[in-house]
Ligand code: URA
């Protein structure tokens, strides 16, 4: 049983701006189990109550999980005074839900980014302790080779002494490779490849665990994750 106030129920869903939710309720537009409820502080069981707004059924969930195909040129942050952030790409309803990015992609990195309001989930995805694999396609200057792959496998030590966990480097072309890491240090993939004399020109995240960026999710588009997707995040490919 998850007992919450009716106004919080509507806010959690991003139904309307916080300031308007109380007005909606007071205006008699919200029904609970078939009856109009006009007191915003009415307590309801969020999991079992049948709530409608203007006759449309609402479905409450404790936490929310989305994937975004992040374009280059957008900041992985929830707000910024000057630059466009990943939150700015979301439709208004999702922007009101308290979502935040799970980890960080650089401004010029594209690809799979998860968004949630579940802090524990985010921690499990990011923390090296859980070793969730993040896979990237990189276009590089120069040509990585099997010696570089062996160095990745052994665990690189970067110029400033930072020790990296063993990682996978697959050569996919004369100036491209695929890198799989299980941690997310600052500019990690770029610094790893630069340390081998093959600096990154373009970077795209392809997958997190066994969850891949779908081919039909265009850059800038967002999609809710289902139960199966969530399990995939913690599975190896
Ligand atoms: N590694 C990087 O260097 N940049 C990213 O955006 C992600 C991983």
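Residue numbers (the working numbering): 116 to 352. Where a beta carbon is used, it is the ideal one built from N, C-alpha and C, also for glycine.
Check, Outcome
"Local Cβ density within 10 Å of residue 294, reported as buried at 16 or more and exposed below that", "buried"
"Beta-carbon gap between residue 217 and residue 202 smaller than 8 Å", "no"
"At least three beta-carbon pairs within less than 8 Å, the segment 179 to 188 to the segment 134 to 146", "no"
"Cβ pair residue 191, residue 227 closer than 8 Å", "no"
"Nearest-angstrom Cα separation, counted from residue 252 out to residue 318", "6 Å"
"Cβ neighbours of residue 219 in the same chain (closer than 6 Å, five flanking residues each side left out)", "191"
"C-alpha distance - residue 275 paired with residue 247, whole-angstrom precision", "25 Å"
"Assigned secondary structure, residue 120 (DSSP; H/G/I helix, E/B strand, else coil)", "strand"
"Where residue 262 sits in the DSSP three-state scheme", "helix"
"Residue burial classification, residue 310 (beta-carbon count within 10 angstroms, cutoff 16)", "buried"
"C-alpha gap between residue 221 and residue 143, whole angstroms", "46 Å"
"Simplified DSSP state of residue 236, which is helix, strand or coil", "helix"
"Residue 239 versus residue 345 - alpha carbon distance", "12 Å"
"Distance between beta carbons of residue 314 and residue 280, contact taken as under 8 Å", "Actually they do not touch by this definition, with Cβ atoms about 21 Å apart."
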